[in-house]
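Take any residue in the sequence shown, count from 1 to its spot, add 1: that is its number in our numbering.
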Amino acid sequence: MSGTPRDHTGYLPIAEHGLIGDLRSVALVGTDGTIDWYCCPSFDAPSVFASILDADKGGSFELAAAVPARTKQFYFPDTNVLITRFFTEDGVGEVHDFMPVDGVSVVETERHRLIRRVVCVRGSIPFRTRVAPRFDYGSLPHTVRMAGDVAVFESAKLSLGLTATVPLEADGLDVRADFKLAEGESAVFALDQVGGEVTPRRCARTEAEEQFNSTVDYWRRWLSASKYRGRWREMVHRSALTLKLLTYAPTGAIVAAPTTSLPEELGGERNWDYRYVWVRDAAFCVYALLRLGFTDEAEAFMHFVTQHIAPGDGKPSGPLQIMYGIDGRTDLTERELDHLEGHQGSAPVRIGNAAADQLQLDIYGALIDSIYLYDKWAKAISSDQWDDVCALVDWVCEHWDQPDEGIWETRGGRKNFLYSRLMCWVAIERGIRMATRRGLPADLARWQATRDTIYRRIHSRGWSEERQAFVQHEDGDVLDAAVLMMPLTKFIAPTDPKWLSTLDALTQDLVSDSLVYRYDPKASPDGLRGDEGTFSICSFWYVEAMVHAGRIDEARLAFEKMLTYANHLGLYAEEISHTGEQQGNFPQAFTHLALISAAFNLDRALG
């Protein structure tokens, strides 16, 4: 697939990017060879390259053929090493992009190295590069200092050293190079964090080769632990590799997405910072990775939970926040960066996330379900961890019966959302299962009574006789795709007449060519202007719900259609527009974990 050229304002579509990373941070590499997004030294650090959010002021690292070329991108098989190919009249060239990873930890973590290796594989090709960092989201001035064959970009908070095997030339605040490669020749660029004890050093071709090989070995060794042998192995494994890239190795945190403010609708205001640990998203990730046999990641996240999100002091949002920083911090103050125009002019650009202060009762079910699965499939939880689970279940028993902002983080006021009730039921039910299976101490009489009360409440007040369906919130008649989780959590039999009627209603109201909308903002105002695309996790939930309902042929067709909406590398943003474009932060963990689960269950049903 050839890359789509940048539009007249300098932007590539969101989907025209690949992802590389080192389990600390990531970079988005466009199909034209430009790095449009990179935060150093971590996911939630200020950006160095952010031209995806402002083509003029954001900063970028361009590296491409200096003559007209068609481009194609692919991953080095079974790895997160990205290769961008340039097809010109005089030859074929490649750029190999990766961030070194070796063994358990990242190579020389204080360098946060990004390597770009250019190779001419046929004929001869002229190349050009321009390295234009713009520190702190383009707000912090910097200087350029040439130290022999090294360029040092220095700002008040961060300094980067650029080394290359071709001559570099300062050009104002940027550094550029023009060079020509004949068949078999290569050039290497390495961008390192420097300062303090860490000084710039050359990245010779041999060193780049060694780090390329060790990084390839790392990813292949990691992926070899996968137990998935089904029909959609390539897509499932790409999703698994993507989820791994979204993990923060030092703490075990898993971010919802590695970007901020990529719009859910071009020109709209639904632009959010996703570079944090949503309890819900991360817990679902644990489920997907455990399904494939990756227990180390689940154990690392459980460590993060124990260290950072054990029951707290009972803030208004409950003992847990809905999200945390990758280091466990709780202050995620939201602010707007007025100096950036936003992707294709879609302002505002936001950093931080005010939803951290919301009450979302469903997170307790997501977290306790992941702990239950970890305890069952990976490793028995400790007595201290069980005490934390008991404290959370006791809190849910006390507080389940109140309105909240819900899974979709609406900013239009609290409601008695059915999905929140459902996941409170899950929290208590999974607690009962753990206690019963392992003979652990618990107030089982209270837990069982509360669980049963929630069950009856959902059936009485979450069911609409008029719609003949379970609905978004109590005593209403608005449909919501979140109820697709009802059979997936084993709350209701997937062939129960009330559920099959709900599935039919959802299909009629919220499904468009296998794609699923979360809800109708006009029927259920969420406090924000504008529309949004279909929500990709819901589309995969829909597939899974149909599998469980025995509608296997429909489920398979919907799944295969959904795969056609992936980008050229098998990556998904959060949403899909009515024209099939990727929208929202990219790539999104939620979507990839749901793909894994849908593929797993569809495979099993097909036999």
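We treat Cβ as the ideally placed atom computed from N, Cα and C, and that holds for glycine.
C-beta atoms of F44 and R239 nearer than 7 Å: The sequence position of residue 44 within the sequence shown is 43, counting from 1. The sequence position of residue 239 within the sequence shown is 238, counting from 1. For F44 and R239, no; Cβs fall outside 7 Å.
Inter-stretch contact (C-beta, 8 Å, three-pair minimum) for the segment 592 to 605 and the segment 226 to 235: yes
Exposed unless 16 or more other CB atoms sit within 10 angstroms - verdict on S26: The residue labelled residue 26 in the question sits at position 25 within the sequence shown. Label assigned to S26: buried.
Pick from C204, V237, I15 that is closest to F541, judged by C-alpha positions: Reading the sequence shown from its first residue, position 540 is the one you call residue 541. Nearest option by C-alpha distance: V237.
6 Å CB neighbourhood of R129 in its chain, flanking five on each side removed: To locate residue 129, count along the sequence shown from 1; it is residue 128. Contacts found: A67, D179.
Stretch pair the segment 117 to 125 + the segment 46 to 60: three plus CB contacts closer than 8 Å: no
CB contact flag (P127, K181, <7 Å): On the sequence shown, position 126 is the one that residue 127 refers to. On the sequence shown, position 180 is the one that residue 181 refers to. In this structure, K181 lies closer than 7 Å to P127 by Cβ.
Counted within 10 angstroms of its Cβ, other Cβ atoms place W409 as buried (16 or more) or exposed: Against the sequence shown, residue 409 aligns to sequence position 408. So W409 counts as buried.
Range of the contiguous alpha helix (DSSP H) that encloses W500: In the sequence shown, residue 500 corresponds to position 499, counting from 1. It spans 498 to 511 - the alpha helix (DSSP H) in which W500 sits, taken as one unbroken run.
Exposure label - A171; buried when at least 16 CB within 10 Å: Position 170 of the sequence shown, counted from the first residue, corresponds to residue 171. Burial call: exposed.
Same chain only: Cβ atoms within 7 Å of Q359, ignoring 5 sequence neighbours per side: Looking up residue 359 in the sequence shown gives position 358. Contacts found: S318, I323, E406, E410.
Which of helix, strand or coil DSSP assigns to M236: Indexing the sequence shown from 1 puts residue 236 at position 235. Here M236 sits in helix by DSSP.
Completely contained beta strand (DSSP E) runs for the segment 24 to 57, where each covers 3 or more residues: 27 to 31, 36 to 40, 48 to 50
Cβ separation of A428 and V397, assumed to be a contact under 8 Å, to the nearest whole Å: By 1-based counting over the sequence shown, the position of residue 428 is 427. By 1-based counting over the sequence shown, the position of residue 397 is 396. Yes, A428 and V397 are in contact; Cβ-Cβ is about 5 Å, under 8 Å.
CB of P692 within 7 Å of CB of A550, strictly: Here the chain covers residues 2 to 608 and nothing more, so residue 692 does not appear.
D175 - containing beta strand (DSSP E), residue span: Start at 1 with the first residue of the sequence shown, and residue 175 comes out as number 174. That run of the beta strand (DSSP E) goes 175 to 183.
Of the residues L489, D478, T490, the one placed nearest A506, counting alpha carbons only: Along the sequence shown, one-based indexing puts residue 506 at 505. Of L489, D478, T490, the residue nearest in Cα terms is D478.
Where R438 falls, given that 16 or more other Cβ within 10 Å makes a residue buried: Along the sequence shown, one-based indexing puts residue 438 at 437. Under this definition R438 is an exposed residue.
Alpha helix (DSSP H) runs wholly inside the segment 224 to 274, at least 4 long, in chain order: 234 to 246
Cutoff 8 Å; reference I459; Cβ partners in own chain excluding five residues on either side: The sequence position of residue 459 within the sequence shown is 458, counting from 1. Correct list, in chain order: L419, R422, L423, W426, F471, F492.
CB-CB length for E576 against S537, believed under 8 Å: Here residue 576 refers to the residue found at position 575 of the sequence shown. Here residue 537 refers to the residue found at position 536 of the sequence shown. Yes, E576 and S537 are in contact; Cβ-Cβ is about 6 Å, under 8 Å.
Start and end residues, alpha helix (DSSP H) containing L163: Taking the sequence shown and counting its residues from 1, the one referred to as residue 163 is at position 162. Note, L163: premise wrong, no alpha helix (DSSP H); beta strand (DSSP E) at 160 to 165.
Cβ-based neighbour list, V108, same chain, cut-off 6 Å, excluding 5 preceding and 5 following: Taking the first residue of the sequence shown as 1, we reach residue 108 at position 107. Per-residue confidence for V108 stands at a pLDDT of 42, beneath the threshold of 50, marking its modelled position as unreliable; the derived number appears in the next sentence. Taken in chain order, the residues that qualify are P101.
DSSP beta-bridge partners of V195: In the sequence shown, counting from the first residue as 1, residue 195 sits at position 194. For V195, which the question treats as bridged, DSSP gives the partners S160.
The segment 58 to 75 touching the segment 128 to 146, judged by at least three CB pairs closer than 8 Å: yes
Opening and closing residue of the beta strand (DSSP E) in which D128 lies: As a first step, residue 128 is located in the sequence shown; it is residue number 127 there, counting from the start. With the sequence shown as reference, residue 128 is identified as Phe, and Asp is not the correct amino acid for it. Note, F128: beta strand (DSSP E), 115 to 133.
A183 classed as buried or exposed, judged by whether at least 16 other C-beta atoms fall within 10 angstroms: In the sequence shown, the residue the question calls residue 183 occupies position 182. Exposed, because fewer than 16 other Cβ atoms sit within 10 Å of the Cβ of A183.
Residue of Q469, G608, G413, I369 minimising C-alpha distance to T490: Here residue 490 is taken as the residue at index 489 of the sequence shown, counted from 1. Among Q469, G608, G413, I369, the Cα nearest to that of T490 is on I369.
Classification of W500 by the beta-carbon crowding that lies within 10 angstroms, buried from 16 upward: Looking up residue 500 in the sequence shown gives position 499. W500 is buried by the Cβ-count criterion.
Cβ neighbours of F601 in the same chain (closer than 6 Å, five flanking residues each side left out): For the purposes of this step, residue 601 is identified with residue 600 of the sequence shown, where counting begins at 1. For F601, where only same-chain residues beyond five positions count, the Cβ hits under 6 Å are R292.
Environment of M563 [buried if 16+ CB atoms lie within 10 Å]: Start at 1 with the first residue of the sequence shown, and residue 563 comes out as number 562. The residue is buried, with at least 16 neighbouring Cβ atoms inside 10 Å.
Straight-line Cα distance separating A546 from Y518: Counted from its first residue, the sequence shown places residue 518 at position 517. Counted from its first residue, the sequence shown places residue 546 at position 545. Rounded to the nearest angstrom, the two C-alpha atoms are 15 Å apart.
Test item: CB-CB of D282 and A257 under 7 Å: Here residue 282 refers to the residue found at position 281 when the sequence shown is read from its first residue. Here residue 257 refers to the residue found at position 256 when the sequence shown is read from its first residue. For D282 and A257, yes; Cβs fall inside 7 Å.
Three-state secondary structure (DSSP) of D98: Looking up residue 98 in the sequence shown gives position 97. Of the three classes helix, strand and coil, the one that applies to D98 here is strand, per DSSP.
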